[in-house]
Every structure is written in structure tokens, then in C-alpha cells.
Amino acid sequence: MSNPPQVIRPPHPLRAKVGGFGGIDADAIAKAEAALKAMSAQFGQWLNDEVVKLDQAQADIRAKGYTSETAEALYFRAHDLKGLGATYQYPLVTRIAGSLCRMMDDADKRMQAPTAILDAHVDAIRAVVRDEIQTDDHPVGRDLAEALEARVAEHLA
């Protein structure tokens, strides 16, 4: 006669790292939100610094041509803005940079991206930051994002 089966439950070390059985510590979240709020006065300058880097990537393409090196630099700048836009209170920047990244995500097809659409994305990001259009609730921002996304979709189709 064989022994009955046993169920072995391995320990959950991740659970201990995120605050045990109750989830993430609410005090830790509150501290993080307070720190983020304290830094929010600098968001505008940090976002402008990122736009300057994006502008430089665009200028390098114009000066050196659209090469794998300049394309990759533009892609990484766009990827950074995709992640930082919403954090810096500009979800529209995240949306437009995300559209640009979609067109350039596949490194094998990156060189086929039309520079006119690349430039339109960079110019749009620069414009929404300059004119402080933070969300796509703004009709111009929404129309701009939708038009860019449509061009990317056409290109990728």
C-alpha cells in the first residue's frame, strides 16, 4: 500500500518583502508620495532637460544622417520620455513618446522609420512642453496625439 500524497507549499519570500500578508506598507507609500510631492517643483526643469536631450538626438540625425547610431539615440531619448512624462505630470508626453517608441521598437525595422514622422513626434513633444499641454483632455493635445498615432499605425501596417 502506498503513502497518501502530500502537498508541499513552498514559502513565499516575496510576500515578506512587500509587507507580509497585508500588502505594501501604507506608511511607506505615504512617505514616497510626500517625497515625490516635495520634488515636484523640479519636474518642469527635469522635463526640459529631457527635451533638450531629445532635441540633440534630432539635431544629430540632421547633421550626421539617419544611421543606426543616431536612430538608437533618438529611440532611447523617446523611451526615457515615455517613462518620465507622466511622472513629471505630462501624460501627453508619455503618450506621444510612446507612439514614437512603437515606430522604433523593432531594431531591425527602425531604419525604415520615415524621418518626417520622427521629426513630427519630436516637434510635438517640444510644443506640448513649451505650451504646457499636459494631458490629452486638451483638444489640441488629443488631436496631435491621435494624428501621430495614426501615422505610426499606417507606417507599421
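Numbering (my numbering), first residue to last: 1042 to 1198.
Virtual Cβ for every residue (Gly too), placed ideally from N, Cα, C.
Whole-angstrom distance between residue j and residue i, CA atom to CA atom
| i | j | result |
| --- | --- | --- |
| T1111 | D1068 | 44 angstroms |
| K1072 | K1078 | 10 angstroms |
| D1086 | I1049 | The sequence shown places Gln at residue 1086, not Asp. When rounded, the distance between both Cα atoms is 54 angstroms. |
| Q1130 | K1105 | 33 angstroms |
| L1133 | P1045 | 59 angstroms |
| V1093 | R1171 | 12 angstroms |
| C1142 | K1123 | 8 angstroms |
| A1154 | A1076 | 40 angstroms |
| K1150 | I1102 | 17 angstroms |
| T1176 | R1183 | 8 angstroms |
| A1100 | V1163 | 11 angstroms |
Integer-rounded CB distance, given that residue j should sit under 8 angstroms from residue i
| i | j | result |
| --- | --- | --- |
| L1115 | L1159 | 7 angstroms |
| A1138 | A1168 | The Cβ separation is near 13 angstroms, so there is no contact. |
| H1196 | M1144 | 6 angstroms |
Residue burial classification, residue i (beta-carbon count within 10 angstroms, cutoff 16)
| i | result |
| --- | --- |
| E1091 | buried |
| R1136 | buried |
| L1095 | buried |
| A1098 | buried |
| V1181 | exposed |
| A1161 | buried |
| I1065 | exposed |
For residue i, three-class secondary structure by DSSP
| i | result |
| --- | --- |
| I1049 | coil |
| G1182 | helix |
| K1150 | coil |
| G1061 | The pLDDT assigned to G1061 is 49, lower than 50, so where the model puts this residue is not dependable; a value taken from the coordinates is nonetheless given after this. Correct three-state label for G1061: helix. |
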